[in-house]
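There are 2 protein chains.
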Amino acid sequence: MAKPTPLSGYPELLPAQRFVETTVLDTLAEVFELHGFVNIETRAVEPLDQLLRKGDTSKEVYLLKRLQDEDAGKDAGVGLHFDLTVPFARYVLENAGKLEFPFRRYQIQKAWRGERPQEGRYREFTQADIDVVGVGELPVHHDVEVARVMLDALSRLTFLPGFRLQVNNRKLIQGFYAGLGVPDLDETMRLIDKLDKLPADVVRTQLVESGLSESQADRCLELATICTTDDSFVGKVRGLGVEHPLLDEGLDELAALVRGCAPLVTDRVRIEADLKIARGLDYYTGTVFETRLDGHESLGSICSGGRYDALASDGKNTYPGVGISLGVSRLLVPLLNSGALVADRSVPSVVLVALTDEESRPESDALAGRLRARGIPCEVAASPQKFGKQIRYAERRGIPYVLFSTEDGPQIKDIRSGDQVGIDPDTWAPPASDVRPTITTAITTQETNQ
Amino acid sequence: MAKPTPLSGYPELLPAQRFVETTVLDTLAEVFELHGFVNIETRAVEPLDQLLRKGDTSKEVYLLKRLQDEDAGKDAGVGLHFDLTVPFARYVLENAGKLEFPFRRYQIQKAWRGERPQEGRYREFTQADIDVVGVGELPVHHDVEVARVMLDALSRLTFLPGFRLQVNNRKLIQGFYAGLGVPDLDETMRLIDKLDKLPADVVRTQLVESGLSESQADRCLELATICTTDDSFVGKVRGLGVEHPLLDEGLDELAALVRGCAPLVTDRVRIEADLKIARGLDYYTGTVFETRLDGHESLGSICSGGRYDALASDGKNTYPGVGISLGVSRLLVPLLNSGALVADRSVPSVVLVALTDEESRPESDALAGRLRARGIPCEVAASPQKFGKQIRYAERRGIPYVLFSTEDGPQIKDIRSGDQVGIDPDTWAPPASDVRPTITTAITTQETNQ
């Protein structure tokens, strides 16, 4: 067959790139588990009625159809999930009697959307979601918790640019609009949500056209300009002179969130209360999250989520939830494809065990086994070439050490420095920094602190 | 909505069951990397012509179809992969210029087949594949290598029943048949392959009907009864008096395989040269592998593979490969569903940090953070209930320790023994055996050694 060509919208990685991705995924999993979140995996497919339940036609769903089905037009009644929230809500309902609530879970899986591929948006992509779900009620400190966990995780991905977690609260927005006497809260929120695409004066005109007075429109726009890295937004909102019980509730929740996250803020990973964030297309009922990657703002939000008062409901019980979803492919694939993020090895091996001749392969295998027994990844040379060729074999793969059998016993060569020393294969270990491939970054961020 | 019901053929796991699965997957990945195998991940879909390339109509393929496509009968021209070999072969061709050969890779992913669900056979299932692929040629020591790596991996899954890796070689079978003067080698192999389902006398009748003499049929059946745990099969085959150069080659390769694996054999994980194994439906050209799980032989082979002289070819180059694929779902889902394999915790947390009152949550969070900084998974109590209730909260999840703030400083209680002692949260660590949930097995194997 001829050389196959890539499928648009289905990114695949070369081994060294994939190493960067697995490092990110392993770090996320480790941090999520440190915070008591358990991993689950849901099937790739959901019944069509589940997939259409959210009623959002912008999610392009792929249906499955059996090739051997005699009725060519018939589908199998199931489609690939387009996010991890719909399957999680279904999983919670299906297994509610067997789960302990509050239920903290993380899920790292592929999802699929039939949309037009563009940078950061793919037809197949990996998401990493954390959610906490309760039965009946779920205190607001869990909103703080999921934000803290994600900040903790992002702060450990030190080879990535900085992150800016932007938080807001739907109760704050809706309470403010209600206190102002705005006629249609949802429509106003939808228009304000366009501020990242349209100039303020255009949005203002649309607000007035939608039925707001000029003064109401100005107040809504003023609210949307408030953005602080601490809880000083409370005073600024109060200064606008609007009163409503729902506004008070939203201000309290958002202030608790910003204060609760403060201990995790670093130069690289920051939080800000940005009162124009609304996530207008989703059904959040309180806290909302978005996240910008420093220097890559054009990717949009790479980590989003919020609070659902009814993530799921079975008629008897309601399950409120709060969660946040990191778009792993959206975050990494552009950085990997541009070469901004690279690993220095295309194999996990730290050591290449050289081979004198094919007859001595069992001895080289045994030597490799002694290193592996102590957790040192290694491989035995594929053929007994001249030692210079075996060293170049290691070099091409980024393997830092070659282990030789000599008359004086085993010797190890660091092929970067050329240093060669005798070692005991039952005690020698590489420096910790050599055990795993090193990830390096050629990223210039626009700014690393604000 | 009403409580959803499971989809037949799409197994999903509860958190404690999933923990068993991730432990298996993590162990496999760790061992594969220790042997220098690099992880890759391929997209879930392949173009239809790739999926049908093997020409095996028993693989029921799921096609994708966009829900919003205006032509309701039209599919997207791609389908879900039914194994990891077809996508790997395509990946090798697509990226050949960017890979280093011999290329060792492992791949742990879902695959899908639209077949009728039954125990151990699912519509969605997880496979763990290792393969070594060369360009032009690939020495037979890589056949030994992949078997050794899988034996090493299986031997570390100590909570599972024992495994019996059954190996054979197509050259041995075909050389023997050719030396005997059998008219149709493939048909004879296909009939012998039925020995695990049909009595020998029925297979004998079919062999004779297919054109073999009675003496040829007997000799083929005698070959198929040879089964040894060392290289003594060579003498037994020689004793049948058949001569052929391809037979010699097959005997040499298989003997090297059995001898090369001998250092990894344990009571639990064994190898045998079983000369009836042929994997007749696949296109192997040398070594073939199957694996039986002790006490669960009815599951069939849970780990299979072999050598392809042409895993892939682009007209210019041919890429021979040898690999082995562990059916993770086939292996684990029956054991998990029957309760034969369980984990003692439904959360990763080792410690529940108790909460005195909602106001002191920041202190409890900080205490938890000090444990997490040293890699100890923990969670803070969801609400400031009475301490007895907080202990029962931990008990229900299998969390072994509860950390209290007392007037005398932090104290930790092992809720299994009731022992409570004062600790320094910056130095205390649980015993290593408590860091991860414990997996226990209620399996009675038919036999653990042969």
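Protein sequence lines, in the order shown, are assigned to chains X and Z. Going letter by letter, the first sequence gives residues 1 to 450 in our numbering. Going letter by letter, the second sequence gives residues 451 to 900 in our numbering. Each residue gets a CB set at the ideal place from its N, CA and C atoms; glycine is no exception. From a predicted model like this one, the values you see are computed outputs, not experimental measurements.
Within-7 Å CB hit, residue i to chain X
i	result
V511(Z)	yes
N899(Z)	Because N899(Z) carries a pLDDT of 36, less than 50, the predicted location of this residue cannot be relied on, and the following value inherits that uncertainty. So, not an interface residue.
N932(Z)	Given that chain Z is displayed from residue 451 to residue 900, the structure contains no residue 932(Z) and the question cannot be resolved.
Q518(Z)	yes
P454(Z)	yes
L622(Z)	no
Coarse secondary structure for residue i, derived from DSSP in three states
i	result
F613(Z)	strand
K726(Z)	coil
S796(Z)	coil
S883(Z)	helix
E496(Z)	strand
F37(X)	coil
E544(Z)	helix
K560(Z)	strand
Q467(Z)	helix
T473(Z)	helix
N- and C-terminal bounds of the alpha helix (DSSP H) containing residue i
i	result
I324(X)	It is not in any alpha helix (DSSP H) - I324(X) instead sits in the beta strand (DSSP E) that spans 318-327.
I642(Z)	635-642
Y843(Z)	837-847
S364(X)	361-372
Q624(Z)	620-630
R148(X)	141-156
S215(X)	214-225
R238(X)	233-238
T806(Z)	No alpha helix (DSSP H) holds T806(Z); DSSP gives it neither H nor E.
Burial state of residue i (16 or more Cβ within 10 Å)
i	result
P881(Z)	exposed
R392(X)	exposed
T576(Z)	buried
A892(Z)	exposed
S298(X)	exposed
R866(Z)	exposed
Q624(Z)	buried
D196(X)	exposed
N619(Z)	buried
D129(X)	buried
E722(Z)	buried
Q518(Z)	exposed
Nonlocal neighbours in the same chain, by C-beta distance under 6 Å from residue i, ignoring five residues either side
i	result
R742(Z)	R614
Q870(Z)	Q861, K863
F551(Z)	G584, V585
G730(Z)	M639, R640, D643
Below-7 Å beta-carbon distance, residue i vs any chain Z residue
i	result
A429(X)	no
Y284(X)	no
S349(X)	yes
G106(X)	Per the sequence shown, residue 106(X) should be read as Tyr rather than Gly. So no, Y106(X) is outside the interface.
G409(X)	no
E363(X)	no
G241(X)	no
Y319(X)	no
E33(X)	yes
E119(X)	no
K276(X)	no
L64(X)	yes
Cutoff 8 Å; reference residue i; Cβ partners in own chain excluding five residues on either side
i	result
F532(Z)	L501, K509, E510, V511, A561, W562, R563
E12(X)	P6
G858(Z)	As written in the sequence, residue 858(Z) is Asp, which differs from the Gly given in the question. Within the same chain, D858(Z) has close Cβ partners G872.
Element boundaries [beta strand (DSSP E), containing residue i]
i	result
G422(X)	420-422
A578(Z)	574-583
P410(X)	409-414
D759(Z)	753-763
E829(Z)	828-830
F739(Z)	737-743
L257(X)	No beta strand (DSSP E) holds L257(X); the alpha helix (DSSP H) holding it covers 245-261.
R66(X)	62-66
T441(X)	439-441
7 Å CB neighbourhood of residue i in its chain, flanking five on each side removed
i	result
E595(Z)	V582
R540(Z)	E496, Q500
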